[in-house]
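2 protein chains.
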Amino acid sequence: MAANPLVSIVGVDWGTTHRRAYAITGDGACAREISDSDGALACKGRFPAALDVALQALDVHGTGVVLAGMVGSALGWHEVPYVDSSVPVQDLAAHAMRVPDAAPGVSAIIIPGYRVRNAQGVPDVMRGEETQLLGAWALGHRSGWFVLPGTHSKWVELHEGRVVQLRTYMTGELFDLLSKHGTVAAAAGGVAPVWDETAFAEGVKAAGHHALSHQIFSVRARVVCKDMAASSTTAYLSGLLIGTELKDVLQGSAGTGPQGTFKLLGSPQLAAHYQTAAQHLGLSFDILDAKAAFVAAVHHIHLNWKPL
Amino acid sequence: MAANPLVSIVGVDWGTTHRRAYAITGDGACAREISDSDGALACKGRFPAALDVALQALDVHGTGVVLAGMVGSALGWHEVPYVDSSVPVQDLAAHAMRVPDAAPGVSAIIIPGYRVRNAQGVPDVMRGEETQLLGAWALGHRSGWFVLPGTHSKWVELHEGRVVQLRTYMTGELFDLLSKHGTVAAAAGGVAPVWDETAFAEGVKAAGHHALSHQIFSVRARVVCKDMAASSTTAYLSGLLIGTELKDVLQGSAGTGPQGTFKLLGSPQLAAHYQTAAQHLGLSFDILDAKAAFVAAVHHIHLNWKPL
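Protein chains in written order, with the working numbering: chain A, 1 to 308; chain B, 1 to 308.
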């Protein structure tokens, strides 16, 4: 029996460097949540205890636990094999791994990630985002393009819960690398960046005209030629990188097309940038709450996957 | 009078971190050369003396000196305004800046770089490469696409010495950044890289199917999915980046086309990689000797620009 009878299940979004854990009631509400920096890397060698700490912090005992994210990678607790696109998101829990070494009384599963190959046979992978997508599906968003922006921005095309396409864009990581090192960082000249909406829009519009390895150099060229202030390089680079994602996805998506609506699962700050970029291209996003989606996914698993 | 009567002019390719200086005879041969790490950054505040040291090392006194490269940038000795594409390479010396503060008896000019805007109005710039191109022109290579590979790979389309297009690709810099930091470096797993020709070819072939910010992630995805050994990530990344340049240039070059021959000015090692990449795309490069081109450019200026 759960010590707190309201809580039916716990979900943990356990990433590389951070984790969030949610105590979820029988009607799918989030009763309590915690967030800490006990990511998969930090928990090496002490995963059972690390999970127990989270459950105690949530004041939960004896419920099932659903784990998602890098906790299921080679760097995590147990490596769970990826599933491929033959498994729709609503069936993910059937492919979960039961954790054999959780603390006594804890019944936990790890949700698998996806490995999806494109038309050229090149693979792409995700871990954690599949559970967000299951949540979107449970909330009624079952088809179309979804973007989960971040360090590694994931673009996923779903058709009734089936993953049709998966593409990772290293937008956040490239932004971070280029802002700290090399020519682009030097072009900023140590000046404090200001959020220049015009420069952001110019970056979005310029994106995709040529290869990114060329266009990134235009950050420097525009400053050298006095087309842009050094303080605006950050906004322009952000526009270039986000615009590149949008145009690359649009290019191969005749069905979705410029009239289509995309769905975004992410933080309000990133959502605002993507929304602005989309508007410059005549597109719009439905913004879905990332936490609500994760909670809905775990609730769906609780209702539908009896063995847990 | 020159102390060594054979030497008629000196050329210095003065980059950000390195420089090469050549003593050139009246018939255009290179009599002596030096190479050191007294690049423009290192010489701040002591350019006159730094030039004198080079001339003494070459045992040259009283000749004219042609300087090219970042020595003419805001970080250099004197900032020389860029010329635009209305000035053909064979007329560059007419737009050179005479150095007002060289050591007594030294008559030196700095060759300007180019600023060229593309069809969208976005600028690109080069300093130093224009002198290599003048040399190629002087050696009879006057039209077509030229690539000068390196940290910032320059692609230049010339038509009878006029710069039609200029595009910088940050190939070398991105290769260096991604090999040292972040997800791609981690995918290499600290394993010593081997030069895997098959992985290089796969990178070249994959390039251009999607935006580079997506394709770079495939380095990790391929390793995670065991499509590629960790030791091959370097070769695959190199293939992706070089292939991206080639395909991006081909895409907008109907006139040059896949049947065309490109000209490459660069080191033998980089030339070999570009030649291999080109072969995978059914293209070929004429390889021009970068030193011979620079020497030919300075000799051309000596013969044609009387005031020096």
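The beta-carbon is built from N, C-alpha and C at its ideal position, and this holds for glycine as well.
Quantities reported herein were computed from a predicted structural model and do not represent experimental measurements.
Mind reading off the beta-carbon distance from residue i to residue j? Whole number of angstroms is fine, and I expect it under 8 Å.
{"i": "A/Thr25", "j": "A/Leu51", "result": "With 8 Å as the limit, A/Thr25 and A/Leu51 do not qualify as a contact, their Cβ atoms being about 20 Å apart."}
{"i": "A/Val223", "j": "A/Ala272", "result": "Contact flag wrong, Cβ pair sits at about 25 Å."}
{"i": "B/Ala136", "j": "B/Leu265", "result": "6 Å"}
{"i": "B/Ile199", "j": "B/Met228", "result": "The question names Ile, but residue 199 of chain B is Ala in the sequence shown. That pair is a contact at about 6 Å."}
{"i": "B/Val89", "j": "B/Gly161", "result": "5 Å"}
{"i": "A/Leu133", "j": "A/Phe146", "result": "6 Å"}
{"i": "A/Gly45", "j": "A/Thr16", "result": "That pair is no contact at about 16 Å."}
Who does residue i pair with in a DSSP beta bridge?
{"i": "B/Ala102", "result": "Beta-bridge pairing links B/Ala102 to no other residue."}
{"i": "A/Lys154", "result": "A/Leu148 and A/Thr168"}
{"i": "B/Phe262", "result": "B/Phe285"}
{"i": "A/Thr25", "result": "A/Val7"}
{"i": "A/Gly64", "result": "A/Ile9 and A/Ser107"}
{"i": "B/His159", "result": "B/Arg162"}
{"i": "A/Met97", "result": "A/Ile110"}
To which residues of the same chain is residue i closer than 6 Å at the C-beta, ignoring the five residues directly before and after it?
{"i": "A/Cys328", "result": "Missing from the structure shown is residue 328 of chain A; chain A here goes from 1 to 308 and no further."}
{"i": "B/Ala93", "result": "Ile301 and Trp305"}
{"i": "B/Gln215", "result": "Leu240"}
{"i": "B/Tyr169", "result": "Ser153 and Glu245"}
{"i": "A/Val80", "result": "Gly72, Met97, Ile110 and Pro112"}
{"i": "B/Glu129", "result": "Leu148 and Lys154"}
{"i": "B/Ile287", "result": "Leu264 and Ala271"}
{"i": "B/Ala235", "result": "Trp195, Asp196, Ala199 and Phe200"}
{"i": "A/His299", "result": "Ile24 and Gly28"}
{"i": "A/Val164", "result": "Glu157"}
{"i": "A/Trp18", "result": "Note on residue identity: the sequence assigns His, not Trp, to residue 18 of chain A. Excluding residues within five positions, the ones whose Cβ falls inside 6 Å are Ser37 and Gly39."}
Assign residue i to one of three DSSP states: helix, strand, or coil.
{"i": "B/Trp145", "result": "strand"}
{"i": "A/Ser85", "result": "coil"}
{"i": "B/Asp52", "result": "helix"}
{"i": "A/Pro123", "result": "strand"}
{"i": "B/Ser37", "result": "coil"}
{"i": "A/Thr16", "result": "coil"}
{"i": "B/Arg32", "result": "strand"}
{"i": "B/Arg220", "result": "helix"}
{"i": "A/Val116", "result": "strand"}
{"i": "B/Gly203", "result": "helix"}
{"i": "A/Ala272", "result": "helix"}
{"i": "B/Val295", "result": "helix"}
{"i": "A/Met70", "result": "helix"}
{"i": "B/Lys247", "result": "helix"}
{"i": "B/Ser267", "result": "coil"}
{"i": "A/Trp137", "result": "helix"}
{"i": "B/His78", "result": "coil"}
{"i": "A/Ala42", "result": "coil"}
{"i": "A/Ala229", "result": "coil"}
{"i": "A/His280", "result": "helix"}
{"i": "B/His210", "result": "coil"}
Measure the alpha-carbon distance for residue i versus residue j and round it to whole angstroms.
{"i": "B/Arg220", "j": "B/Val10", "result": "49 Å"}
{"i": "A/Val12", "j": "B/Gly150", "result": "46 Å"}
{"i": "B/Val71", "j": "B/Met126", "result": "12 Å"}
{"i": "A/Val184", "j": "A/Leu178", "result": "6 Å"}
{"i": "A/Ala296", "j": "A/Ala74", "result": "27 Å"}
{"i": "B/Leu166", "j": "A/Arg20", "result": "49 Å"}
{"i": "B/Gly257", "j": "B/Leu250", "result": "A caution first: B/Gly257 carries a pLDDT of 46, below 50, which makes its placement in the model unreliable, though a value can still be read off. Rounded to the nearest angstrom, the two C-alpha atoms are 6 Å apart."}
{"i": "B/Val106", "j": "B/Ala192", "result": "49 Å"}
{"i": "A/Ala230", "j": "A/Gly113", "result": "41 Å"}
{"i": "A/Gly69", "j": "B/Leu270", "result": "41 Å"}
{"i": "A/Gly208", "j": "A/Gly243", "result": "7 Å"}
{"i": "A/Val60", "j": "A/His159", "result": "36 Å"}
{"i": "B/Asn118", "j": "A/Gly172", "result": "28 Å"}
{"i": "A/Cys225", "j": "A/Ser218", "result": "10 Å"}
{"i": "B/Arg32", "j": "B/Leu58", "result": "6 Å"}
{"i": "A/Gly121", "j": "A/Ser86", "result": "16 Å"}
{"i": "B/Ser143", "j": "B/Glu157", "result": "7 Å"}
{"i": "A/Leu67", "j": "A/Asp101", "result": "14 Å"}
{"i": "A/Ser213", "j": "B/Pro104", "result": "44 Å"}
{"i": "B/Trp14", "j": "B/Val65", "result": "12 Å"}
{"i": "A/Lys205", "j": "B/Gln279", "result": "34 Å"}
{"i": "A/Leu303", "j": "A/Ala138", "result": "11 Å"}
{"i": "B/Ser267", "j": "B/Thr131", "result": "16 Å"}
{"i": "B/Gly189", "j": "A/Ala54", "result": "31 Å"}
{"i": "B/Pro48", "j": "B/Gln56", "result": "12 Å"}
{"i": "B/Leu41", "j": "A/Thr276", "result": "40 Å"}
So, at 8 Å on beta carbons, what are the nonlocal neighbours of residue i in its own chain, with the 5 sequence-adjacent residues on each side left out?
{"i": "B/Arg115", "result": "Tyr82, Val83, Asp84, Pro123, Asp124 and Val125"}
{"i": "B/Ser238", "result": "Phe175, Phe200, Gly203 and His273"}
{"i": "A/Cys30", "result": "Tyr22, Ala23, Ile24, Lys291 and Val295"}
Which residues in the same chain as residue i place their Cβ atom closer than 7 Å to its Cβ, once the five residues preceding and following it in sequence are excluded?
{"i": "A/Thr63", "result": "Ala2, Val7, Ser8, Ile9 and Val10"}
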